[in-house]
Amino acid sequence: MARTSLQCRECKKQYDTAFKYICDDCFGPLDVKYDFPTVTKDTFSNREQSYWRYFELLPIEDKSNIVSIDAGMTPLTKAENLGKKLGLNNLYIKNDSVNPTFSFKDRPAGVAISKAKEFGLSAVGCASTGNLASATAAHAAKGGFPCHVFAPSNIEMAKIAQALSYGANYVAVDGTYDDANRIAAQIGDSKGIGIVNINMRSHYVEGSKTLAYEVAEQLDWNVPDQLIVPVGSGAMLNAICKGFEELESISLLNDVSNMVHLLLMHLRKIPKR
Numbered sequence: 001m002a003r004t005s006l007q008c009r010e011c012k013k014q015y016d017t018a019f020k021y022i023c024d025d026c027f028g029p030l031d032v033k034y035d036f037p038t039v040t041k042d043t044f045s046n047r048e049q050s051y052w053r054y055f056e057l058l059p060i061e062d063k064s065n066i067v068s069i070d071a072g073m074t075p076l077t078k079a080e081n082l083g084k085k086l087g088l089n090n091l092y093i094k095n096d097s098v099n100p101t102f103s104f105k106d107r108p109a110g111v112a113i114s115k116a117k118e119f120g121l122s123a124v125g126c127a128s129t130g131n132l133a134s135a136t137a138a139h140a141a142k143g144g145f146p147c148h149v150f151a152p153s154n155i156e157m158a159k160i161a162q163a164l165s166y167g168a169n170y171v172a173v174d175g176t177y178d179d180a181n182r183i184a185a186q187i188g189d190s191k192g193i194g195i196v197n198i199n200m201r202s203h204y205v206e207g208s209k210t211l212a213y214e215v216a217e218q219l220d221w222n223v224p225d226q227l228i229v230p231v232g233s234g235a236m237l238n239a240i241c242k243g244f245e246e247l248e249s250i251s252l253l254n255d256v257s258n259m260v261h262l263l264l265m266h267l268r269k270i271p272k273r
């Protein structure tokens, strides 16, 4: 039996893991659900210094399908001077700017492209105006995939220069980012291209939860009292919350009294258990 399945966020219909992201019945988004194996804190010790050290908690069935550029396990730095100014004794900053393409997008892009390999897809891409394009193109180059970046035709070329340096094909779309997103979705579905932030999104978002895994491990499997997370769509915030929730569900956290009800109830509106 597979370690993962898909479940509709709205109607809760279950699906076997497949190259799909929308429910057939209600058109709701599909989320990855896990049958986690038994793991302990020692499971992750003495492993590679990337987010793939948490392989058992990620949606890839076979390690041979991992496409890695050694992203993740980024520094958690104690900001002593800033903490003093703010009156905080233990203020830490998680620095994902040191990832290979300089942003947290290496996390979701890597998981999505690894899953594209597992699905047997022949090409990948994304709709992006910057960081995701770089992350997708870098992983595509490592995995041997053709990569198509959909972006507005009036974009500053500097924003996609890194992606182009990895050999990505720039698809210029007349219009806004939303138009580029729509065209990418249409072409991805019709051509069977894995658009990481669209038709691969169910698996794509799983990469960002590794931020929670790393923070917990770097704090000796303790959890912070508070988190400050920069948000655009809020997907990273939601993924981080999911990551902590999963660590709690498999009993890897030392003490959740200061976080689970505060963070999960407040940010995700999860009923108190």
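Following UniProt numbering, the numbering of the sequence shown begins with 1 at its first residue and continues without gaps.
Cβ coordinates follow ideal geometry from the N, Cα and C atoms, glycine included.
DSSP state of residue i mapped onto helix, strand, coil
| i | result |
| --- | --- |
| Pro100 | coil |
| residue 275 | This structure gives no information on residue 275, because the portion of the chain shown stretches from 1 to 273. |
| Arg3 | coil |
| Asp179 | helix |
| Thr77 | strand |
| His266 | The pLDDT assigned to His266 is 47, lower than 50, so where the model puts this residue is not dependable; a value taken from the coordinates is nonetheless given after this. Three-state DSSP puts His266 in a helix. |
| Gln14 | strand |
| Ala212 | helix |
| Gly194 | strand |
Buried versus exposed, by CB contacts within 10 Å (16 or more), residue i
| i | result |
| --- | --- |
| Ser64 | exposed |
| Arg9 | exposed |
| Asp106 | buried |
| Ile228 | exposed |
| Glu217 | buried |
| Phe244 | buried |
| Leu82 | exposed |
| Phe27 | exposed |
| Gly72 | buried |
| Thr40 | exposed |
| Gly194 | buried |
| Arg273 | Any answer about Arg273 is weak, because its pLDDT of 43 lies below 50 and its placement is not dependable; what the coordinates show is given next. Per the 10 Å Cβ criterion, exposed. |
| Arg53 | buried |
Anticipated Cβ contact below 8 Å, residue i with residue j, distance rounded
| i | j | result |
| --- | --- | --- |
| Ser114 | Ile60 | 5 Å |
| Asn254 | Trp221 | 5 Å |
| Gly120 | Ile69 | Not confirmed; about 21 Å, so no contact. |
| Gln246 | Leu57 | The sequence as given places Glu at residue 246; Gln does not occur at that position. At roughly 6 Å, the Cβ-Cβ gap stays under 8 Å, so Glu246 and Leu57 are in contact. |
### Query
Should the region 170 to 190 be regarded as contacting the region 208 to 223, the criterion being three or more beta carbon pairs within less than 8 Å?
no
### Task
Only counting runs of 3 or more residues, tell me where the beta strand (DSSP E) segments fall wholly within the region 92 to 166, in order along the chain.
92 to 94, 124 to 127, 147 to 152
### Query
Do three or more CB pairs link the region 149 to 166 to the region 119 to 128 at distances below 8 Å?
yes
### Task
Take every Cβ of the region 135 to 148, pair it with every Cβ of the region 217 to 234, and state whether three or more of those distances are shorter than 8 Å.
no
### Query
Could you give the uninterrupted runs of the beta strand (DSSP E) lying entirely in the region 31 to 85, keeping only those of 3 residues or more?
76 to 78
### Query
Does the pairing of the region 194 to 206 with the region 14 to 31 give three or more beta-carbon distances under 8 Å?
yes
### Cβ contact (3+ pairs, closer than 8 Å) linking the region 88 to 108 and the region 63 to 80
yes
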